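Residues -27 to -1, 1 to 278 (mature numbering (1 follows the signal peptide of the UniProt record, and there is no 0)) are what the sequence shown spells out, left to right. Where a beta carbon is used, it is the ideal one built from N, C-alpha and C, also for glycine. Keep in mind it's a predicted model, so treat the numbers as computed, not measured. Contents: one structure, followed by commentary.
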Amino acid sequence: MGRYRIFIMAVAAIMCAALVSCSKWTATEPVRVDTVMPWEQDSELWEEYKAAIRDYKSRDHRLVYVRFENSPEGAVNEKAYMRSLPDSLDIVSLTNAENFSRYDAEDMAWMKSVGTKVLYQLDFAGSPDLLYDSGQLAAAIDRAVSIAEANSLDGFSFTGLPKDDGGVTAAASETVVKRLSAAAGADGILAFEGNPAFIAPEDIGKIDLFVLASEAAEDAYEVRNIVLDAQVSGVPKEKMLLAADFGGAFYDSGNASADVLTSMADQTIILGPMAGLALYNIESDYYHYDGDWLTVRSIISRMNP
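Written as structure tokens, this is what we have:
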């Protein structure tokens, strides 16, 4: 019994010593961490890097275009800001451009330094009522032009759905194209996202890029039909971009699941020559271990071997 008591006391002593020891190790102490950003490590090399990106984008290549929700309400991390997008993107279409913030304005300097074009998007597919009220339509376009000019944006993108409504939507479409093409000017970009049947045949030539509504297509047959329909509307292939969603699905000829982004990138080559690929919901991939940077880089290499 005495030996047992001695054993218990010994164990208790060891545990007390361990607790005292642990308390020393777990005490928090402030540690200074000096973050050195890449451009602070070697400014000359950093400028060379940006110049190389601009040079690449100035040459003929298949484009990568993204739709991006800038300045979302309640933003809590870096994925809400343009500066966190991959440098290699060619065009960024801002879906919350009407609420262009001071943070967006600050990021514009970076976007221009790497040659990324930034567009103000007007979503008439999501807000079709604007097309039925000439006053509201004019106000929406006025606001877009004002914000774009004030912040040196590179042009406009817009969406729309064709409707058989006695010509009201068609007339509104003509107004949109006329005003936005004039505001974009010769050096700006005017892009349309959706079914090209929304655009009058005589206005096709005024639009620089057509992002086809292929983000829900799940196989090559569907994609091919979307491209053929766009051609019937008068859109040349060299102005077309296929759209792909980061969360989409795609199936190969054997009905086996395939990666949607690489499959769509391949379709731009198979059905080409096409202008490139548009990516939707790029924010959803921000925290993935393989990340949107590596994904975009892989797509660029795939489309521009």
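With 16 other CB atoms within 10 Å as the buried threshold, where does residue i fall?
i: Ile243; result: exposed
i: Ala121; result: buried
i: Cys(-6); result: A caution first: Cys(-6) carries a pLDDT of 49, below 50, which makes its placement in the model unreliable, though a value can still be read off. With fewer than 16 Cβ atoms within 10 Å of its Cβ, Cys(-6) is classed as exposed.
i: Leu182; result: buried
i: residue 340; result: Because the chain here runs from -27 to 278, residue 340 falls outside it and cannot be looked at.
i: Ala117; result: buried
i: Pro174; result: exposed
i: Asn43; result: buried
i: Glu166; result: buried
i: Tyr38; result: buried
i: Lys90; result: buried
i: Val205; result: exposed
i: Met(-27); result: Since pLDDT at Met(-27) reaches only 45, below the 50 mark, its modelled position is unreliable, and the value read off the structure follows with that caveat. Answer is exposed; the Cβ neighbour count stays below 16.
i: Ala155; result: exposed
Roughly how many angstroms separate the alpha carbons of residue i and residue j, rounded to a whole number?
i: Ile114; j: Asn69; result: 14 Å
i: Arg40; j: Ile199; result: 20 Å
i: Leu(-9); j: Asp80; result: Caution is warranted here: a pLDDT of 49 is assigned to Leu(-9), below 50, making its placement in the model unreliable, and no coordinate value can be reported.
i: Lys23; j: Ser66; result: 21 Å
i: Lys30; j: Leu103; result: 35 Å
i: Ser57; j: Lys210; result: 31 Å
i: Tyr253; j: Leu18; result: 32 Å
i: Tyr194; j: Ala145; result: 33 Å
i: Ser271; j: Pro45; result: 28 Å
i: Ser274; j: Ala238; result: 10 Å
i: Asp232; j: Gly221; result: 9 Å
i: Ile177; j: Ser230; result: 35 Å
i: Trp83; j: Asp138; result: 44 Å
i: Asp28; j: Leu36; result: 14 Å
i: Arg75; j: Ala53; result: 13 Å
i: Val87; j: Gly140; result: 43 Å
i: Met276; j: Gly108; result: 43 Å
i: Ser226; j: Asp192; result: 8 Å
i: Phe269; j: Asp15; result: This sequence places Val at residue 269; Phe is not what is there. C-alpha separation (whole angstroms): 25 Å.
i: residue 310; j: Ala123; result: No answer is possible for residue 310: it lies beyond the span of the chain, which begins at -27 and ends at 278.
i: Ile180; j: Lys151; result: 10 Å
i: Asp77; j: Gly161; result: 19 Å
i: Ala189; j: Met55; result: 25 Å
i: Ala112; j: Pro278; result: 45 Å
Tell me whether residue i sits in a helix, a strand or coil according to DSSP, three-state version.
i: Lys90; result: strand
i: Ser66; result: strand
i: Cys(-6); result: Confidence at Cys(-6) is low in this model, with a pLDDT of 49, below 50, so its placement is unreliable and the value that follows should be read with caution. In this structure, Cys(-6) counts as helix in the three-state DSSP scheme.
i: Leu103; result: helix
i: Tyr54; result: coil
i: Ser274; result: helix
i: Ser61; result: coil
i: Asp137; result: coil
i: Phe171; result: helix
i: Asp96; result: strand
i: Ser257; result: helix
i: Ser74; result: coil
i: Ser44; result: coil
i: Ser119; result: helix
Since residue i and residue j are thought to touch, with beta carbons under 8 Å apart, how far apart are those beta carbons, to the nearest angstrom?
i: Phe223; j: Ile255; result: Phe223 to Ile255, Cβ: 17 Å. No contact.
i: Leu185; j: Ala157; result: With 8 Å as the limit, Leu185 and Ala157 do not qualify as a contact, their Cβ atoms being about 20 Å apart.
i: Ile26; j: Asp63; result: Between Asp63 and Ile26 the Cβ distance is about 10 Å, and since that is not below 8 Å, they are no contact.
i: Leu215; j: Leu250; result: 6 Å
i: Ala159; j: Lys212; result: About 16 Å; that fails the 8 Å criterion.
i: Leu95; j: Phe73; result: Their Cβ separation, rounded to whole angstroms, is 13 Å, which puts Leu95 and Phe73 out of contact at 8 Å.
i: Leu110; j: Thr142; result: With a Cβ gap of about 11 Å, Leu110 and Thr142 do not count as contacting.
i: Leu134; j: Ala98; result: 5 Å
Looking at the unbroken beta strand (DSSP E) that takes in residue i, where does it start and where does it end?
i: Asp218; result: 213 to 218
i: Tyr194; result: Looking at the DSSP string, Tyr194 is not in any beta strand (DSSP E); the run it does join, the alpha helix (DSSP H), is 193 to 205.
i: Arg40; result: 36 to 41
i: Glu166; result: 162 to 167
i: Val184; result: 182 to 184
i: Phe129; result: 128 to 133
i: Gly249; result: 249 to 253
Can you tell me where the alpha helix (DSSP H) holding residue i begins and where it ends?
i: Ala22; result: Contrary to the premise, residue 22 reads as Tyr rather than Ala in this sequence. From DSSP, the alpha helix (DSSP H) with Tyr22 extends over 16 to 31.
i: Ile243; result: 233 to 243
i: Ser154; result: 141 to 157
Counting contacts by CB-CB distance shorter than 8 Å, is residue i in contact with chain D?
i: Ala121; result: The chain inventory of the structure shown lacks chain D, comprising one protein chain alone.
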